[in-house]
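Residues are numbered in our numbering as their position in the sequence shown, beginning at 1, plus a constant of 391.
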Amino acid sequence: MATIKEVAKEAGVSIATTSRVINNAPHTSEAATVAVQAAMKKLGYRPNANARALVSKSSNTVGILVHDVSAPFFGAMVKAIDTIAAEQGKQILIGSGYHDPIKERNAINLLIGSRCESLVIHSKGLSDDELTELAEEIPGMMIINRSVPAIADRCIALDNFKGSYLATEFLIKNGHEKIGYIASSHDIDDAHDRRDGYLAALKDHGIEPNEEFIEYGEPDEIGGEQAMVNLLAKNLSITAVATYNDDMAAGCLALIQENGIRIPEDMSVIGFDDGLIARFIYPRLTTIRYPIQVMAKQAVLEALQRASGKDVERAQNLFAPILVKRSSVSRR
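Have a look at this one:
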């Protein structure tokens, strides 16, 4: 990453002038502002968050980065953060990153530029190194749903591998051997870990995994529906399906029923997340509970404590998934 000295040299102005432009200080010439901003863009320079804080008061705002604010999962996360923030007299500001490094970076820079005193970041696009640099710059930053080894004390995550293992094992213990898996097509740790958990459970119970039993799609209802279409078209005699999340399970479940297949008598289905949709589709969905509300509350409380310079007592940073039994799985 470029330094302020390199930006000043590129712009042809002093370090003091460069600092004034970065911090939006008054009495800075337009020519200097244009030159410094052009140099920052060319060199990819991002002002240090701590340096900004020296010249501008906090906006008393908690910044939140999510994948997609319209997704119910992230709505639950934001609601939990907002509840705690409101209790502390804070407001929230939200950005969406869509698992894209450029969009995530831009959203974080916007939150920093808006003088958020604390940040709760759900990032899948940025590298471990960049997140580590950000954490070093921003005392009040916490990362949720991801583990970065170098800054493990700033991360709160779920054991996705274990959750998918539990889901698959539950189907096996109910007598199922031909178990399909509907996976997310997104290239993120969550998708890899959940798929790996499914495969590990099969192997540990003496069932040879078969790639033909796995289909990929967007992690939503449409993606789940299309993936199930592909599985049924293979005529594999599958008796159960584990899915990446509840939304994909809902799409899968609807498609199965429309084809005259009874759930759970003919086909068992299990989800992941335990979102609202799991409780209101029919039959009610057996799933893996993702305690995102609890995790989000811990993340924002810790972010606020760190931002104010307080010592943080960490209870845990890896949360355990829990099997929730409902009506979509039956014994074979």
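Ideal Cβ placement from N, Cα and C applies to all residues, glycine included.
Look at residue 507 here: in three-state DSSP terms it is coil, with no helix or strand label.
Beta-bridge partners of residue 680 (DSSP): 664, 713.
DSSP, read as helix, strand or coil, puts residue 572 in strand. Per DSSP, the beta-bridge partners of residue 606 are 573.
Across the structure, residue 586 and residue 476 are spaced so that their CA atoms are roughly 35 Å apart. In terms of Cβ geometry, residue 526 and residue 687 do not form a close pair [threshold 8 Å]. Between the alpha carbons of residue 598 and residue 568 lies a distance of about 7 Å. Between residue 456 and residue 514, the beta carbon gap of about 6 Å places them in contact (Cβ cut-off 8 Å). By the C-beta criterion, the region 592-608 is judged to be in contact with the region 555-572, since at least 3 inter-stretch pairs fall below 8 Å.
Contact between residue 493 and residue 708 is absent: CB atoms are separated by about 28 Å, not below the 8 Å threshold.
At a Cβ-Cβ threshold of 8 Å, residue 427 and residue 404 count as neighbours.
Under DSSP, residue 484 takes part in a beta bridge, and its partners are 454.
Counting along the chain, residue 631 sits inside the beta strand (DSSP E) bounded by residues 631-634.
If only complete runs of 4 or more residues are kept, the region 521-569 shows the alpha helix (DSSP H) at 551-564, in order along the chain.
The C-alpha of residue 680 is placed about 14 Å away from the C-alpha of residue 468.
Beta-bridge analysis with DSSP links residue 512 to 456, 534. When DSSP reads this structure, residue 659 sits in a beta bridge with 631. Taking every protein chain shown into account, the CB of residue 704 has fewer than 16 other CB atoms within 10 angstroms, so this residue is exposed. By the C-beta criterion, the region 502-520 is judged not to be in contact with the region 658-676, since fewer than 3 inter-stretch pairs fall below 8 Å. In this structure, the alpha-carbon of residue 407 lies about 24 Å from that of residue 524.
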